[in-house]
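Chemist: Each protein sequence line maps, in turn, to chains C and E. According to this note's numbering, the first sequence is numbered sequentially starting from 33. According to this note's numbering, the second sequence is numbered sequentially starting from 33.
Protein chains: 2
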Amino acid sequence: MTNKAQIHLDPMTPVTFLERSARVFPDKTAVVYEDLRWTYREFSEQVGRMAGALLRAGVEPGDRVAFLTPNVPAMLVAHFAVLRVHAVLVAINTRLNSEEVGYILNHSGAKLVFADPELAPKILDVPGGLDSRPSFVNVLDPAAGFSESVLDGATFDEFVLGADVLPMEMDLDDEDRTTSINYTSGTTGRPKGVMYTHRGAFLNAFGEMYVHELNRDSVFLWTLPLFHCNGWCFPWAVTGAAGTHVMLRAVDPTKIYQMIDRENVTHFNGAPTVLLMLAQAPEAAGRQFDPKLKVATGGAPPSPTLLADLDRLGVRVIHLYGLTETYGPHVYCQLQQEWESLEAEPRAKVMSRQGVPYHHAFHLRVVDGLMNDVPSDAETMGEVVMRGNNCMKGYFNDVDATAKAFEGGWFHSGDIGVMHPDGYIELRDRKKDIIISGGENISTIEVEHTVVSHPAVSEAAVVAVPHEKWGEVPKAFVTLLPGEELTEEALISYCREQLAHFKCPKHVEFGELPKTATGKIQKFRLREKEWAGFEKRIG
Amino acid sequence: MTNKAQIHLDPMTPVTFLERSARVFPDKTAVVYEDLRWTYREFSEQVGRMAGALLRAGVEPGDRVAFLTPNVPAMLVAHFAVLRVHAVLVAINTRLNSEEVGYILNHSGAKLVFADPELAPKILDVPGGLDSRPSFVNVLDPAAGFSESVLDGATFDEFVLGADVLPMEMDLDDEDRTTSINYTSGTTGRPKGVMYTHRGAFLNAFGEMYVHELNRDSVFLWTLPLFHCNGWCFPWAVTGAAGTHVMLRAVDPTKIYQMIDRENVTHFNGAPTVLLMLAQAPEAAGRQFDPKLKVATGGAPPSPTLLADLDRLGVRVIHLYGLTETYGPHVYCQLQQEWESLEAEPRAKVMSRQGVPYHHAFHLRVVDGLMNDVPSDAETMGEVVMRGNNCMKGYFNDVDATAKAFEGGWFHSGDIGVMHPDGYIELRDRKKDIIISGGENISTIEVEHTVVSHPAVSEAAVVAVPHEKWGEVPKAFVTLLPGEELTEEALISYCREQLAHFKCPKHVEFGELPKTATGKIQKFRLREKEWAGFEKRIG
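Here it is, written out as structure tokens:
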């Protein structure tokens with residue numbers, strides 16, 4: 033940790049990225065949302081004014097300031113303004129229910145809560161109300177038809193009206209100070225509050241700027257929710273590069289294509305389900321982006337089929353992987369020169385690996401239960417563990433969970449993967465998703481990739497279901513492409529042509545898949561149903 | 033400062049860049065020198081073996097290891113191996129004389145000295161010998177005809193023979209540990225030992241990777257001496273990007289053109305004099321690089337004329353500025369979009385500004401004697417001061433000089449500049465170069481740019497000479513282009529057409545200009561001659 037005692041040790045903070053871009057590119061477009069356009073000068077002024085308003089409202093260093101909004105400009109402003117006054121941003125997943133939102137507001141002890149009118153009812157409906165008695169601010173969004181306050185409190189405009197505009201230059205006492213708390217989705221147990229720091233946020237943002245080649249010509253479309261790992265640190269990265277943020281209230285393929293055309297979008301990020309939606313939209317027909325759209329995807333491995341589709345569409349995909357606890361991405365599938373001349377199918381195959389650590393995030397291993405590295409044989413599965421500057425500081429107010437996550441001096445991801453001989457990792461499963469059938473480990477991801485490679489299949493999720501003889505066997509939940517037909521038997525025999533028989537689904541069910549806010553398939557829901565009444569419950 | 037007590041705070045060090053590239057790109061070409069080619073696996077092994085040999089030789093953390101060699105592979109290896117064992121690299125300017133080399137070896141207390149046979153006689157000739165009684169290693173260079181040891185000690189090959197190969201993974205206890213000491217050229221007084229740190233070197237290298245768009249396809253030609261600010265941190269930056277280092281014993285235009293063609297060079301760095309040499313070489317005739325060669329230049333502002341010439345040659349110039357005390361570059365002239373459509377001449381004009389801080393190096397001001405910012409009017413001159421993560425830790429064993437340089441909490445560059453209304457700085461002079469004529473400040477750089485814009489002029493240096501009435505007046509030392517002729521009167525009247533008369537040279541002298549190892553013109557030599565016998569002596 034670094035404080036200002038020495039001239040050569042300046043605490044790192046992502047706030048300086050805005051300070052720099054506002055100085056160097058004051059007239060460049062920083063933020064676009066519907067008809068709103070802010071230059072960097074205006075963006076910085078908005079941030080400075082919100083920071084001034086936070087101070088005026090009594091927010092002190094370390095206080096938590098919560099946001100429950102879509103990807104609207106105020107949410108982006110908060111990513112700098114809250115940090116500027118040394119307070120802590122709590123950006124809440126908008127898909128959570130009232131009970132979960134209430135838990136997070138209470139656990140974080142939020143002093144101020146900013147909410148969108150469409151989402152605010154979740155706060156009103158919190159069972160038992162809020163312990164922390166926060167003040168509320170209504171973030172209206174007239175462009176989307178939300179021009180009435182729902183919560184008892186000021187509107188955002190009233191909140192900032194007449195406040196001093198703080199300069200972006202800040203006197204940060206300690207780069208290890210917490211910038212934000214991002215709650216995990218809590219599919220098992222209560223959500224945990226992952227703490228980020230100014231140092232970590234700065235380094236991660238810098239790493240994203242470098243790897244994704246963000247620069248002053250970049251136009252970034254906000255398909256990824258800002259509440260998700262602080263948008264993988266891209267609020268700070270795009271700003272550091274002096275690129276343009278194009279905000280988006282909801283992820284809708286038609287709207288995405290519109291914005292790409294209207295704003296000349298160069299980059300966006302999204303889960304594979306978002307990419308799938310794009311690739312299958314009517315607007316995709318006959319289209320090929322030139323220059324290529326740069327898209328980073330994570331949350332789940334994109335199937336080789338999807339990667340091949342995107343390749344045809346002129347989308348350059350960077351596949352990455354990480355967790356809330358690692359500021360979002362920790363590794364990315366850095367392309368080797370020789371891969372570029374591969375045919376689409378084998379290229380997609382290597383690109384579906386999760387990859388190698390970012391330049392600021394070196395430390396990653398795949399280990400067995402005794403913390404020994406597994407052999408780099410692309411076969412032996414182990415748990416992915418990380419440490420270093422892009423690991424969280426810890427879970428907020430949860431010493432036990434922090435100690436458990438950091439057991440043995442490494443952060444335990446709970447993800448099961450293999451190490452390829454060339455040092456690239458490939459995930460095989462979530463620890464809790466892996467299927468143990470007759471003593472053999474089955475990677476549900478491997479089975480899913482096979483299922484999805486069938487030309488009639490759009491998406492698939494494979495989970496363990498109970499079996500008398502084998503303990504567990506794989507079952508596939510499958511969404512077909514529009515207009516396609518397929519039987520359970522045909523799909524199973526297709527899989528048996530390509531996989532060891534014990535790995536093939538024993539059952540197939542067709543229909544829509546349950547998903548999280550960020551587009552991740554919620555396997556635990558599928559499992560719950562299958563395991564109802566059985567003793568063993570996974571997840 | 034950060035130690036390993038906490039999992040999320042990993043000490044930053046540029047050594048991890050080599051660790052990463054050797055893992056991700058083991059078979060990619062890392063280093064080229066004459067007929068030698070090392071992959072990243074081999075480069076890492078060379079570094080590991082030298083590190084093992086340093087330990088075997090008794091080098092302990094904090095010990096100084098000196099190098100007096102041209103840009104040969106061993107010098108690059110040392111930039112990682114010495115750091116790997118927590119020792120301190122002292123890379124010595126090869127143009128210094130015996131007395132200066134002796135001072136640096138004694139002041140740094142070097143325990144081990146590596147030297148090239150061509151340069152080793154400087155060590156043998158040190159007046160009075162060396163206090164610190166170091167051990168010597170002869171870095172032979174058979175490719176250049178230097179295959180005999182000069183110093184009493186092992187050859188490099190013998191030194192490393194049979195040593196353990198240390199893995200690159202290092203257990204750094206403190207990111208504020210010193211990586212290297214780079215001695216200033218000492219044109220005024222004794223050279224001072226500028227200390228760099230692991231944290232600073234990591235951040236600066238990362239900043240260079242980002243700004244200069246270094247990536248795994250980059251091929252970097254080592255025209256810039258590695259002893260100069262540790263090659264502006266490019267040994268670490270190019271390695272971090274997994275680019276290729278092309279080493280070069282001596283800067284020779286024919287050889288440079290050869291290497292560009294043979295190795296498909298994408299980047300190099302050099303002082304404007306190096307660029308001038310290139311632009312005026314016979315090989316430049318009719319050539320236009322495609323894709324453009326990316327060249328960073330600093331040390332002196334390139335004249336608009338030179339920039340226009342390079343533009344025609346297909347060289348994309350990034351103009352940057354910094355000092356030994358700021359790890360080399362602190363600012364660069366980041367291009368605004370609208371500048372790209374300017375005509376060559378006005379574009380060259382804006383590009384000759386020094387610019388705005390790098391992303392990791394925010395803090396820079398232009399101040400008056402009371403540390404107040406001068407107005408951003410492009411007119412009022414003040415001293416450029418900096419602080420933050422890319423300022424040195426201090427001068428080695430020189431508390432007084434450190435305190436003086438850091439007076440008022442900022443590093444004092446000794447450079448005089450103005451702040452443009454758009455936040456870009458432009459240097460007007462070294463503090464000691466500025467001419468005060470009849471109470472008016474005259475920027476020698478402004479006068480030089482005017483002189484050089486004359487079509488017959490190749491290079492120029494302007495210094496103050498004594499004058500009875502005005503105290504000082506400008507005198508121009510001028511090198512003409514081959515085959516050109518020009519009189520003193522013609523040049524002075526050319527200047528009077530473009531500058532206020534008091535700024536114009538009163539005298540002109542034609543001939544070669546004295547230069548430093550890095551191609552900087554040594555104005556103090558020109559001044560010395562002019563001021564001999566006068567009371568006032570500047571510089």
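The C-beta atom is built at its ideal place from N, Cα and C for all residues, glycine as well.
(1) Would you report the Cα separation of G449/C and N422/C, rounded to the nearest angstrom?
(2) Determine, using beta carbons only, whether Q386/C and Y353/C come nearer to each other than 8 Å.
(3) Measure the C-alpha to C-alpha separation of S53/C and V406/E and round it to an integer number of angstroms.
(4) Distance, Cα to Cα, N429/C vs R559/C?
(5) CA-CA distance, K568/E and A393/E?
(6) Can you find a CB in chain E that lies within less than 8 Å of the CB of L41/C?
(7) Chain D partners of F238/E, CB-CB under 9 Å?
(8) Out of curiosity, what's the CA-to-CA distance linking V56/C and V251/C?
(9) Skipping 5 residues on each side, what residues in its chain have a beta carbon closer than 7 Å to that of W70/C?
(10) Output needed in chain order: residues of the segment 524-556 of chain E with a Cβ under 8 Å from some Cβ in chain C.
(11) In three-state terms, what does DSSP make of K60/C?
(12) Can you confirm whether T48/C, when its beta carbon is compared against all beta carbons of chain E, has any partner nearer than 8 Å?
(13) Span of the beta strand (DSSP E) holding A147/C?
(14) Taking 8 Å as the CB-CB limit, is N103/E close to chain C?
(15) Any idea if T434/E is buried or exposed, counting beta-carbon neighbours within 10 angstroms, 16 or more meaning buried?
(16) Could you tell me the distance, in whole angstroms, from the CA atom of M413/C to the CA atom of S212/C?
(17) If you pair each beta-carbon of the segment 238-254 of chain C with each one of the segment 144-154 of chain C, do three or more pairs fall below 8 Å?
(18) Using a Cβ-Cβ cut-off of less than 9 Å, list which residues of the segment 144-175 of chain E approach chain C; keep chain order.
(19) Between G420/C, D447/C, H533/C, which lies nearest to G470/C when the distance is taken from Cα to Cα?
(20) Which partner residues of D173/C appear in the DSSP bridge assignment?
(21) Curious, which full-length beta strand (DSSP E) runs of at least 3 residues does the segment 406-490 of chain C contain?
(22) Could you tell me the distance, in whole angstroms, from the CA atom of V117/C to the CA atom of D206/C?
(23) What residues from the segment 398-432 of chain C come within 7 Å of chain E, judged by C-beta to C-beta, listed N to C?
(24) What residues from the segment 56-68 of chain C come within 7 Å of chain E, judged by C-beta to C-beta, listed N to C?
(25) Tell me which same chain residues have a C-beta within less than 6 Å of the C-beta of L531/C, skipping the five on either side of it?
(26) Does any residue of chain E have a CB that is nearer than 8 Å to the CB of D341/C?
(27) Could you check the C-alpha separation between K561/E and I136/E for me, to the nearest Å?
(28) Can you look up A274/C in the DSSP assignment and give me helix, strand or coil?
(29) Taking only beta-carbon positions, decide if Q366/C is within less than 8 Å of chain E.
(30) Spatial neighbours of E66/C within its chain, please: C-beta separation below 6 Å, excluding the five flanking residues on both sides.
(31) If I follow the unbroken alpha helix (DSSP H) through P537/E, where does it start and stop?
(32) Using the rule of at least 16 other Cβ atoms within 10 Å of the residue's Cβ for burial, across every protein chain shown, is K507/C buried or exposed?
(33) Hey, how far is the Cα of M241/C from the Cα of C365/C?
(34) M227/E: which of R319/E, D343/E, R96/E, Y456/E sits nearest, CA to CA?
(35) Using 10 angstroms around the beta-carbon of L68/C, count the other beta-carbons present and answer buried if the total reaches 16, otherwise exposed.
(36) Within this structure, are the beta carbons of S475/E and I468/E separated by less than 8 Å?
Modeler: Per the coordinate set shown:
(1) Numbered from its first residue, the first sequence carries residue 449/C at position 417. Numbered from its first residue, the first sequence carries residue 422/C at position 390. If you take the alpha carbons of G449/C and N422/C, they lie about 20 Å apart.
(2) Within the first sequence, the letter at position 354 stands for residue 386/C. Within the first sequence, the letter at position 321 stands for residue 353/C. It is a contact, given that the beta carbons lie within the stated cut-off.
(3) As a working mapping, residue 53/C is identified with position 21 in the first sequence. As a working mapping, residue 406/E is identified with position 374 in the second sequence. Those two C-alpha atoms are separated by around 21 Å.
(4) Numbered from 1 along the first sequence, position 397 holds the residue referred to as residue 429/C. Numbered from 1 along the first sequence, position 527 holds the residue referred to as residue 559/C. Cα to Cα, N429/C sits roughly 31 Å from R559/C.
(5) Looking up residue 568/E in the second sequence gives position 536. Looking up residue 393/E in the second sequence gives position 361. Model confidence at K568/E stands at a pLDDT of 46, short of 50, so the residue's coordinates are unreliable; what they give is reported in the following sentence. About 37 Å.
(6) Locating residue 41/C in the first sequence gives position 9, counting from the first residue. By this cut-off, L41/C is an interface position.
(7) Absent from the structure: chain D. Protein chains present are C and E.
(8) Along the first sequence, read from residue 1 onward, the residue named residue 56/C stands at position 24. Along the first sequence, read from residue 1 onward, the residue named residue 251/C stands at position 219. If you take the alpha carbons of V56/C and V251/C, they lie about 17 Å apart.
(9) Here residue 70/C refers to the residue found at position 38 of the first sequence. The residues are A62, V63, Q78.
(10) none
(11) Your numbering for residue 60/C matches position 28 in the first sequence. Residue state, collapsed to three classes: coil.
(12) To locate residue 48/C, count along the first sequence from 1; it is residue 16. Answer yes: the Cβ-Cβ gap between T48/C and chain E drops below 8 Å somewhere.
(13) Counting from one through the first sequence, the residue named residue 147/C turns up at place 115. Unbroken beta strand (DSSP E) run through A147/C: 144-147.
(14) By 1-based counting over the second sequence, the position of residue 103/E is 71. False, the Cβ-Cβ gap to chain C never drops below 8 Å.
(15) If you number the second sequence from 1, residue 434/E lands on position 402. It is buried - the Cβ of T434/E has at least 16 other Cβ atoms within 10 Å.
(16) Residue mapping note: residue 413/C aligns to position 381 of the first sequence, counting from 1. Residue mapping note: residue 212/C aligns to position 180 of the first sequence, counting from 1. The alpha-carbon atoms of M413/C and S212/C are separated by roughly 33 Å.
(17) no
(18) none
(19) If you number the first sequence from 1, residue 470/C lands on position 438. The candidate whose alpha carbon is nearest that of G470/C is H533/C.
(20) For the purposes of this step, residue 173/C is identified with residue 141 of the first sequence, where counting begins at 1. Partner(s): F178/C.
(21) 414-419, 443-451, 457-462, 467-469, 472-474
(22) Position 85 of the first sequence, counted from the first residue, corresponds to residue 117/C. Position 174 of the first sequence, counted from the first residue, corresponds to residue 206/C. So the alpha carbons of these two residues sit roughly 13 Å apart.
(23) R419, G420, N421, C423, M424, K425
(24) V56
(25) As a working mapping, residue 531/C is identified with position 499 in the first sequence. If we look at L531/C and ignore the five residues flanking it on each side, its Cβ neighbours are T482.
(26) What you label residue 341/C is simply residue 309 of the first sequence in a count that begins at 1. By this cut-off, D341/C is not an interface position.
(27) Residue numbering aside, residue 561/E sits at position 529 when the second sequence is read from its first letter. Residue numbering aside, residue 136/E sits at position 104 when the second sequence is read from its first letter. Going from the Cα of K561/E to the Cα of I136/E covers about 27 Å.
(28) Within the first sequence, the letter at position 242 stands for residue 274/C. Of the three classes helix, strand and coil, the one that applies to A274/C here is coil, per DSSP.
(29) For the purposes of this step, residue 366/C is identified with residue 334 of the first sequence, where counting begins at 1. Judged by the 8 Å Cβ criterion, Q366/C is in contact with chain E.
(30) Within the first sequence, the letter at position 34 stands for residue 66/C. Within the same chain, E66/C has close Cβ partners A175.
(31) Translated into positions along the second sequence, residue 537/E becomes position 505. Premise fails: P537/E is in no alpha helix (DSSP H) and is neither H nor E.
(32) Counting from 1 along the first sequence, the entry for residue 507/C is found at position 475. Looking at its Cβ environment, which holds 16 or more other Cβ atoms inside 10 Å, K507/C is buried.
(33) Within the first sequence, numbered from 1, the residue matching residue 241/C stands at position 209. Within the first sequence, numbered from 1, the residue matching residue 365/C stands at position 333. Taking the straight line from one Cα to the other gives about 16 Å.
(34) What you label residue 227/E is simply residue 195 of the second sequence in a count that begins at 1. M227/E has its Cα closest to that of R96/E, out of R319/E, D343/E, R96/E, Y456/E.
(35) By one-based count along the first sequence, residue 68/C stands at place 36. When all chains shown are included, L68/C counts as exposed.
(36) Taking the second sequence and counting its residues from 1, one reaches residue 475/E at position 443. Taking the second sequence and counting its residues from 1, one reaches residue 468/E at position 436. The answer is no: Cβ separation not under 8 Å.
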